[in-house]
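Down below is the structure, laid out as structure tokens.
In the UniProt record's numbering, the protein residues as written are 1 to 179.
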């Protein structure tokens with residue numbers, strides 16, 4: 001158990017342990033899952049409304065959020081921009097193969113690809129290629145420019161394969177309270 005003491009608006013001590021705030025392990029309780037699901041849907045939700053939706057009062061909800069922030073489960077709050085409204089309608093997934101996969105070469109590639117703003121995601125992969133990259137561009141001409149000027153010139157790139165997305169069937173960041 002986490003020893004947490006809070007004070008209510010009139011100075012009375014509140015025992016948050018009685019509200020089920022426990023040391024977090026690998027599993028989240030249902031209340032924390034509900035809080036996370038609501039925050040993923042709307043990170044700007046007022047604490048009072050969030051408390052109402054998850055069936056707790058404001059103080060334990062605020063304490064649970066603070067605890068999840070402190071333990072690094074909630075890493076921040078940000079605006080989610082619409083790539084489509086920004087004109088970035090073209091999504092391409094790329095396999096990238098490197099000519100050298102020693103640590104220094106990987107570090108050089110990693111540092112260089114982080115500087116390309118069109119790269120939305122990049123993962124080192126075990127398998128037939130070295131990296132899987134999600135790239136957004138305005139159109140095919142913009143993609144070709146990014147490939148020629150940025151991707152192909154990255155350190156140690158020996159080959160690429162590109163897969164153009166025709167439609168996003170699922171594109172979300174959502175935590176189910178029941179999971």
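Built from N, CA and C at the ideal position, the CB exists for glycine as well.
For the 7 Å CB-CB criterion, residue 130 and residue 98 form a contact. Counting only residues of its own chain and dropping the five nearest sequence neighbours on each side, residue 58 has a CB closer than 7 Å to the CB of 47, 48 and 51. Checking the DSSP bridge columns, you'll see residue 159 partnered with 97. Contact annotation: residue 132 and residue 118 have beta-carbon atoms that are not nearer than 7 Å. If the five residues before and after residue 157 are omitted, its C-beta is found closer than 8 Å to the C-beta atoms of 96, 97, 98, 99, 109 and 151, all from its own chain and listed in chain order. When only Cα atoms are considered, residue 78 and residue 42 end up about 10 Å apart. DSSP places residue 48 in no beta strand (DSSP E) but in the uninterrupted alpha helix (DSSP H) bounded by 47-54. Taking C-beta atoms under 8 Å as the contact rule, residue 88 and residue 137 qualify, at a distance of about 7 Å.
Fully enclosed beta strand (DSSP E) runs of no fewer than 3 residues occupy 119-124 and 131-137 of the stretch 102-151, in order along the chain.
DSSP, read as helix, strand or coil, puts residue 89 in coil. For residue 71 and residue 148, the gap between their C-alpha atoms comes out near 42 Å. Distance from the Cα of residue 65 is smallest, within the candidate group 32, 56 and 40, for 32. Residue environment: residue 103 is assigned as exposed (fewer than 16 neighbouring CB atoms within 10 Å of its CB, all protein chains considered). When secondary structure is reduced to three states using DSSP, residue 61 falls in the helix class. In the three-state reduction of the DSSP assignment, residue 164 falls in the strand class. DSSP places residue 38 in the uninterrupted alpha helix (DSSP H) bounded by 30-41.
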